[in-house]
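J.:
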Amino acid sequence: MNLLLLAFGAQAENHYQANFAILSFLKDPLIKRVIIVTDRSDFYTFLAERVEFIHIDAQTLREWQGESGFFWRIKIKALERAQQCYPTQHLLYIDSDTFLAGSIAPLYRHLQRGGGLMHKRECALGDKTDKTLRNMYRSLQGSRLAGLDIGAQSTMWNAGVIALPADKAKETIALALRLCDEICTTDCPRRLVEQFAFSLALEHSMELQPCTEIIGHYWGNKGEWNKLITEFLVNARLKDLSLSQCIAQLGEFNWRQLPLHKKQRSTNARLKAFIDRCFKDKNIQYFP
Numbered sequence: 010m011n012l013l014l015l016a017f018g019a020q021a022e023n024h025y026q027a028n029f030a031i032l033s034f035l036k037d038p039l040i041k042r043v044i045i046v047t048d049r050s051d052f053y054t055f056l057a058e059r060v061e062f063i064h065i066d067a068q069t070l071r072e073w074q075g076e077s078g079f080f081w082r083i084k085i086k087a088l089e090r091a092q093q094c095y096p097t098q099h100l101l102y103i104d105s106d107t108f109l110a111g112s113i114a115p116l117y118r119h120l121q122r123g124g125g126l127m128h129k130r131e132c133a134l135g136d137k138t139d140k141t142l143r144n145m146y147r148s149l150q151g152s153r154l155a156g157l158d159i160g161a162q163s164t165m166w167n168a169g170v171i172a173l174p175a176d177k178a179k180e181t182i183a184l185a186l187r188l189c190d191e192i193c194t195t196d197c198p199r200r201l202v203e204q205f206a207f208s209l210a211l212e213h214s215m216e217l218q219p220c221t222e223i224i225g226h227y228w229g230n231k232g233e234w235n236k237l238i239t240e241f242l243v244n245a246r247l248k249d250l251s252l253s254q255c256i257a258q259l260g261e262f263n264w265r266q267l268p269l270h271k272k273q274r275s276t277n278a279r280l281k282a283f284i285d286r287c288f289k290d291k292n293i294q295y296f297p
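As numbered in my numbering, the sequence shown has no gaps in its residue numbers, which increase by one up to the final residue, 297.
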């Protein structure tokens with residue numbers, strides 16, 4: 010099974026999250042190859058002996074956005090490129106803000122049976138759980154896109170994890186790309202288009218299952234997880250830990266020590282901002 014990540018740009022946060030995610034997955038022997046689609050391979054020197062790179066640049070990112078100029082179309086194109094490189098291998102894509110907490114064996118068995126995985130089922134389009142979903146429903150319900158009928162029961166899955174069996178990956182990625190492009194010709198809001206395209210394509214092509222019991226996705230609490238990751242990586246550097254030692258440490262890691270999602274009340278943020286305005290720092294000095 011090939012593990013795939015997409016990480017680009019100068020923002021270090023995306024890359025140290027990706028390093029941490031990869032370290033957590035390398036403990037599992039079913040991961041045979043790690044592929045990073047990136048323009049910053051220099052951020053992965055510590056992992057160099059265990060990863061392969063698909064190098065991209067600003068021109069690639071522009072081309073991958075297609076005629077619609079939809080930015081996150083690049084995620085579908087990244088999967089397409091990795092599948093083209095290794096067409097006989099199962100493909101497991103993960104967002105950088107994920108980690109492997111259990112064994113991949115159940116996921117692998119499901120892929121062997123021709124099934125697919127995404128992180129979790131979020132809602133049906135007709136549930137209209139927030140403003141974006143309500144507008145998506147208004148734009149897309151009753152339409153036919155890439156040969157698929159879109160309605161209230163069309164399901165949105167979280168695309169922080171996308172796992173594709175080798176024999177269905179090519180056609181499923183192609184379908185997701187067509188869906189994305191056709192949705193982008195409508196007035197549908199763009200925020201979740203690539204996620205919805207993957208959801209529709211996988212549900213159409215295979216038995217789709219969640220993997221929340223095995224892979225964590227901390228998109229809803231990045232602040233605390235970023236602090237933990239920074240401490241882990243700094244500690245590894247200061248102690249000059251080897252790659253195998255870091256992998257071993259994460260093999261014994263307590264993945265329940267921080268919540269994956271935590272919503273801070275807006276009043277909290279407003280009060281902090283108010284206090285900062287009222288009580289500004291004093292006696293600030295710089296090196297002469």
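Positions of the beta carbon are idealized from the N, C-alpha and C atoms, including for glycine.
According to the neighbour-count rule (16 or more other Cβ atoms, all chains shown, within 10 Å of its Cβ), is residue 53 buried or exposed?
T.: Classification of residue 53: buried, given that the 10 Å Cβ count is 16 or more.
J.: Is it right to say residue 190 is buried, meaning 16 or more other beta carbons lie within 10 angstroms of its own, or is it exposed?
T.: Label assigned to residue 190: buried.
J.: Would you call the region 186-205 in contact with the region 253-260, where contact means no fewer than 3 C-beta pairs closer than 8 angstroms?
T.: Contact between the region 186-205 and the region 253-260 is absent, because fewer than three Cβ pairs lie under 8 angstroms.
J.: For residue 171 and residue 207, which I take to be in contact (beta-carbon distance under 8 angstroms), what is that distance rounded to the nearest angstrom?
T.: Confirmed, about 6 angstroms.
J.: Using only the alpha-carbon positions, how far apart do residue 335 and residue 19 sit?
T.: With the chain represented from 10 up to 297, any question about residue 335 goes unanswered, as that position is not in the structure.
J.: Which runs of the beta strand (DSSP E) at least 3 residues long sit entirely within the region 13-91? Give them in chain order.
T.: Whole beta strand (DSSP E) segments, 3+ residues: 42-47 and 60-64.
J.: Assign residue 107 to buried or exposed, taking buried as 16 or more other Cβ atoms, counted over all protein chains shown, within 10 Å of its Cβ.
T.: Under this definition residue 107 is a buried residue.
J.: Here's the rule: buried if 16 or more other CB atoms are within 10 angstroms of the residue's CB, otherwise exposed. What is residue 91?
T.: When all chains shown are included, residue 91 counts as buried.
J.: First and last residue of the alpha helix (DSSP H) that includes residue 207?
T.: That run of the alpha helix (DSSP H) goes 202-214.
J.: Among 187, 194, 224 and 226, which one has its Cα closest to the Cα of residue 211?
T.: Among 187, 194, 224 and 226, the Cα nearest to that of residue 211 is on 187.
J.: How many angstroms separate the CA atom of residue 45 from the CA atom of residue 62?
T.: Cα-Cα distance, rounded: 5 angstroms.
J.: For residue 26, is the classification buried or exposed, using 16 other Cβ atoms within 10 angstroms of its Cβ as the cut-off for buried?
T.: It counts as buried.
J.: If I measure Cβ to Cβ from residue 137 and keep anything under 8 angstroms in the same chain, skipping five residues before and after, which residues do I get?
T.: Hits under 8 angstroms: 143 and 146.
J.: Who pairs with residue 166 in a beta bridge, going by DSSP?
T.: Answer by DSSP bridge pairing, in chain order: 130.
J.: For the putative contact between residue 214 and residue 184, defined by C-beta atoms under 8 angstroms, what is the C-beta separation to the nearest angstrom?
T.: About 7 angstroms; that satisfies the 8 angstroms criterion.
J.: Confirm, please, whether the CB-CB distance from residue 262 to residue 112 is below 9 angstroms.
T.: In this structure, residue 262 does not lie closer than 9 angstroms to residue 112 by Cβ.
J.: Whose C-beta lies closer than 6 angstroms to the C-beta of residue 102 among residues of the same chain, with five residues either side of it excluded?
T.: Here the set comprises 13, 88 and 171.
J.: Quick one: grab the DSSP three-state call for residue 98.
T.: Coil at residue 98, not helix or strand.
J.: For the alpha helix (DSSP H) that contains residue 232, what are its first and last residues?
T.: Run containing residue 232: 231-247, per the alpha helix (DSSP H) assignment.
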